[in-house]
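Enquirer: Protein sequences appear in the order of chains Y and Z.
The first sequence begins at -10 in the working numbering and counts up by one.
The second sequence begins at 149 in the working numbering and counts up by one.
Below are the structure tokens for one structure; questions will follow.
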Amino acid sequence: MPKCLVCYKWTLDEKDIKIKPADSSLDTARAKGKISDFDRNAIEEAALLVEKQGGAVHALTYGTSAVKQSLKDVLSRGPEKVYWIADASADAADACVTANVLAAAIRKLGSYDLILCGEGSSDVFNRQTAVRLAALLSLPCVTYVEKLSIEGDTVKATRKLDEGSEVATVKGPVVVSVLGQINKPRIPSLKQVLAASKKPNEEIKITDLGLKPESLQPKSVHRSVKGFVTKRKNIIYKESSAATNVAKLTSSLAAEGLR
Amino acid sequence: MAGIFVFSEDKALSEQLLTPALELKKTLSEPITALALTDADAKELAALGADKVVLLEAASSWTEGLSEAIYSIFSGAGGSVFLVGGTLRGKHVAAYVAAKLNAGMITDAKSLKIEGGKLVSTRLLYAGLALSEEEVTLPAVVTIPPRTFLAPSAATNAGTVETVKADSDTQVAISDVTPLGGSGVDVSAATRLVSVGRGFRKREDLKLAEDLAAVLKAELGCSRPVAEDEHWLPIDHYIGISGHTVKPELYLAVGISGQVQHVVGARESKVIVAVNSDEHAPIFEAADYGIVGDLYEVLPLLTAAVKK
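The structure is reproduced here in structure tokens:
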């Protein structure tokens, strides 16, 4: 019966981020938090595995104090316990720092048969965390997985790559990163939401992880972040007659030399 | 610390990596070492400007399994910048090397240069909504997507080639290697595209888009759900953040709402046209021209009008 740990990130929902016209900077004032999209697939996959063959799912996250908002959400999706590290260092953390912190926390928590991550986070999409964790923990790593099974201590995973697919077979413990198509994350039922508030959460203090200051020093620093603005003509035909709209569009296409 | 290293398991991509490597060499004044997996690749890379090529002789052809061997070569030489071809396999290798070095890594760099002894690079955030400029302390690892750069022309002096035995990871066993069941259509090379989304109710209805594509002499593209959830089109038709990036002269999006994850793959098109029933769909913000209307009504009319 597999003991699983899912790492997830609490991110801003990019749908609510606006670009300020004045200076192309990002307006995140109305952006709500969410569990990063592919991390939800990782949580779902662990929950499905354990519902089918027993075992346990724990979740782990590292972020600013905002991660506290994620605890009930993640617990309503299947994990029986969530560990969280809330520290201001997360604000400027790059993938290097994030992996150092998560790996130190996993060492402290003990051994898991399966450590799951999403393919990449929906905000920065670095796609590094699973591989970095495995390298730091000296575990094998299987990335970009679209189908996963575990039998005894053997993990079998179908990977989807640029040019095709392949099956990786490996003895656990192993770190796996999953693709979005591996499953459809559940929308927690009322019962699951209510049950979530009774499940335990435990804070891990970053100071208890024995990390050297240099492990918390980001190697990659944002100099600037600007909204990606492309100027388009935005000429939209919306009369009630489809024929009129089509006639207007075809003359526009002709004017562009595209007929 | 010295040395600019390049690696990709994809021959064309490894040649493209030499272009930014040669550019970095001008500032860093450090030699370029290319890692190659075949003899033919090694000769080609040596001819295109790599000062030295290390030909990896490995027992297994599984690229990811060479991560530790590649890390040893790079760290043993005290390399300062490692450019890796941004395939998924390449990203796996790159992240491993970065972790072992406790180094920073830029995934999918759009540009890179050296400034003040640091590597400065741009990349996209929030599924393409924003562009970020980042500076990374050396040693730094960077992945570069295919076709970001053109391969350089032949160098005056060919580099040397050295063969090195490379250990493979024996923990992971690979089987059932299956090439992509694609249609052979390369949407990234198409000059015109009609792209379909979830506005279509069923697979058979894509005929409406095929008819329009035929009269426009366009290829068919699609959004992620059409390929990955519905399987209406093979995955190699998918345009978006984790699919193809296209730059046709005409991109006609039909029944695609226009989430940034899709638009990022199409926004370098010359002219973007959208047909959607929802006037407030974000695709219209990304479009030059648009029709608000039912695609089932609009497409036959448009096909007939273009045919005339």
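Glycine included, every Cβ here is placed at the ideal spot set by N, Cα and C.
Taking the C-alpha atoms as reference points, what is the distance between Z/Ser371 and Z/Val454?
Expert: Z/Ser371 and Z/Val454: Cα-Cα distance of roughly 24 Å.
Enquirer: Which whole-angstrom value describes the C-beta separation of Y/Asn89 and Y/Leu125, a residue pair presumed to lie in contact below a C-beta threshold of 8 Å?
Expert: Correct: roughly 7 Å between the Cβ atoms.
Enquirer: Is it buried or exposed, Y/Val218, if we count other Cβ atoms within 10 angstroms and call 16 or more buried?
Expert: So Y/Val218 ends up on the exposed side.
Enquirer: Rounding to the nearest angstrom, what Cα-Cα distance links Z/Glu376 and Y/Gln170 in this structure?
Expert: The straight-line gap from Cα to Cα measures roughly 7 Å.
Enquirer: Quick one: is the Cβ of Y/Ile193 within less than 7 Å of any heavy atom of the ligand ZN?
Expert: Looking for the ligand ZN in the displayed structure turns up nothing, as the structure carries no ligands at all.
Enquirer: Which value, in whole angstroms, describes the spacing of the CA atoms of Y/Val134 and Y/Gly44?
Expert: Rounded to whole angstroms, Y/Val134 to Y/Gly44 spans 21 Å at the Cα level.
Enquirer: Cβ closer than 7 Å: which chain Y residues qualify as neighbours of Z/Ala278?
Expert: The answer, in chain order, is Leu15, Val214, Lys215, Gly216 and Phe217.
Enquirer: So that I know if they touch, is there some Cβ in chain Y lying closer than 8 Å to that of Z/Ala250?
Expert: Reading the sequence as shown, one finds Asn at residue 250 of chain Z and not Ala. Chain Y, which has a Cβ nearer than 8 Å to the Cβ of Z/Asn250, makes this yes.
Enquirer: Starting from Z/Leu244, trace the alpha helix (DSSP H) both ways and give me its first and last residue.
Expert: Before going further, note that residue 244 of chain Z is Tyr rather than Leu in the sequence given. Unbroken alpha helix (DSSP H) run through Z/Tyr244: Leu236 to Leu249.
Enquirer: Please confirm whether Z/Lys258 has its beta-carbon closer than 8 Å to some beta-carbon of chain Y.
Expert: Chain Y contact via Cβ: absent.
Enquirer: So with Cβ pairs under 8 Å, would you call Y/Ser172 a contact of chain Z?
Expert: Rather than Ser, the amino acid found at residue 172 of chain Y in this sequence is Asn. Judged by the 8 Å Cβ criterion, Y/Asn172 is not in contact with chain Z.
Enquirer: Look up Y/Ile193 in the DSSP assignment and say whether it is helix, strand or coil.
Expert: DSSP places Y/Ile193 in coil when its eight states are reduced to three.
Enquirer: Using beta carbons (cut-off 8 Å, strictly below), is Y/Asn223 in contact with chain Z?
Expert: At least one chain Z Cβ lies under 8 Å of Y/Asn223.
Enquirer: Does the distance from the CB of Z/Leu273 to the CB of Z/Val290 come in under 8 Å?
Expert: No, Cβ-Cβ distance for Z/Leu273 and Z/Val290 is not below 8 Å.
Enquirer: Does the stretch 188 to 208 of chain Z come close enough to the stretch 80 to 89 of chain Y that 3 or more CB-CB pairs lie under 8 Å?
Expert: These segments do not touch.
Enquirer: Please confirm whether Z/Leu449 and Z/Leu360 have their CB atoms less than 8 Å apart.
Expert: No, Cβ-Cβ distance for Z/Leu449 and Z/Leu360 is not below 8 Å.
Enquirer: What's the call for Z/Lys355, buried or exposed, on a 16-neighbour Cβ count within 10 Å?
Expert: So Z/Lys355 counts as exposed.
Enquirer: Leaving out five residues on either side along the sequence, give the residues of the same chain with a beta carbon under 7 Å from the beta carbon of Y/Ala123.
Expert: Excluding positions up to five away in sequence, the list reads Pro129, Cys130 and Val164.
Enquirer: Which ranges does the beta strand (DSSP E) cover as unbroken runs of at least 3 residues, wholly within the stretch 55 to 111 of chain Y, from first to last along the chain?
Expert: Correct list: 70 to 75 and 103 to 107.
Enquirer: Considering only C-alpha positions, which residue in the set Z/Pro168, Z/Leu176, Z/Pro327 and Z/Phe348 is nearest to Z/Glu263?
Expert: Per the Cα distances, Z/Leu176.
Enquirer: In the DSSP assignment, find the unbroken alpha helix (DSSP H) run with Z/Ser269 in it and report its ends.
Expert: Run containing Z/Ser269: none in the alpha helix (DSSP H); it sits in the beta strand (DSSP E), Lys266 to Leu273.
Enquirer: With 8 Å set as the bound, which would you pick, yes or no: does the beta-carbon of Y/Lys30 sit closer than that to a beta-carbon of chain Z?
Expert: It is worth fixing the name first, because residue 30 of chain Y is Asn in this sequence and not Lys. Chain Z contact via Cβ: absent.
Enquirer: Checking the sheet assignment: what are the DSSP bridge partners for Y/Val(-1)?
Expert: The amino acid occupying residue -1 of chain Y in the given sequence is Trp; Val does not appear at that position. Y/Ile24, per the DSSP bridge assignment.
Enquirer: Would you mind telling me which residues of chain Z sit closer than 9 Å to Y/Pro129, beta carbon to beta carbon, in chain order?
Expert: The contacting residues are Asp317, Gln319 and Val320.
Enquirer: Does any residue of chain Y bring its CB to less than 8 Å from the CB of Z/Pro168?
Expert: Output row for Z/Pro168: interface = no.
Enquirer: Cutting at 6 Å between CB atoms, please list the residues of its own chain near Y/Thr53, excluding the five before and the five after it.
Expert: Contacts found: Ala79 and Asp80.
Enquirer: Using a Cβ-Cβ distance under 8 Å, would Y/Gln117 count as near chain Z?
Expert: Closer than 8 Å to some Cβ of chain Z, the Cβ of Y/Gln117 qualifies, so yes.
Enquirer: List, from N- to C-terminal side, the beta strand (DSSP E) runs of 3 residues or more that fit wholly inside the stretch 160 to 224 of chain Z.
Expert: Taking only runs of at least 3 residues, the beta strand (DSSP E) segments lying wholly in the stretch 160 to 224 of chain Z are 180 to 184 and 200 to 206.
Enquirer: Round the Cβ separation of Z/Ala217 and Z/Asp315 to the nearest angstrom and send it over; I've been treating them as touching at under 8 Å.
Expert: Yes, Z/Ala217 and Z/Asp315 are in contact; Cβ-Cβ is about 5 Å, under 8 Å.
Enquirer: Interface residues of chain C around Y/Gly141 at Cβ under 8 Å?
Expert: Absence of chain C from the displayed structure is noted, the protein chains being Y and Z.
Enquirer: Out of Z/Gly213, Z/Glu212, Z/Lys174 and Z/Leu170, which has the shortest C-alpha to C-alpha gap to Z/Ala194?
Expert: The option with the nearest alpha carbon to Z/Ala194 is Z/Leu170.
Enquirer: Can you give me the Cβ contacts of Y/Leu168 inside the same chain, cut-off strictly under 8 Å, excluding the 5 residues immediately before and after it?
Expert: Excluding residues within five positions, the ones whose Cβ falls inside 8 Å are Phe27, Asn30, Glu108, Tyr133, Val134, Glu135 and Lys149.
Enquirer: What does Z/Tyr399 reach in chain Y if we use C-beta pairs closer than 8 Å?
Expert: Per Cβ cutoff of 8 Å: no residues; Z/Tyr399 is ~11 Å from chain Y at best.
Enquirer: Whose Cβ in chain Y lies nearer than 9 Å to the Cβ of Z/Asp436?
Expert: In chain order: Arg221, Lys222, Asn223, Ile224, Ser241 and Glu245.
Enquirer: Who are the near neighbours of Y/Lys227 in its chain, counting only those whose CB is closer than 6 Å to its CB and skipping five residues on each side?
Expert: Once the five neighbours on either side are set aside, Y/Lys227 has no close Cβ partner at all.
Enquirer: Enumerate in chain order the residues of its own chain whose CB-to-CB distance from Y/Leu262 is below 7 Å, with the five nearest sequence positions on each side excluded.
Expert: The structure shown has nothing for residue 262 of chain Y, since chain Y only spans -10 to 248.
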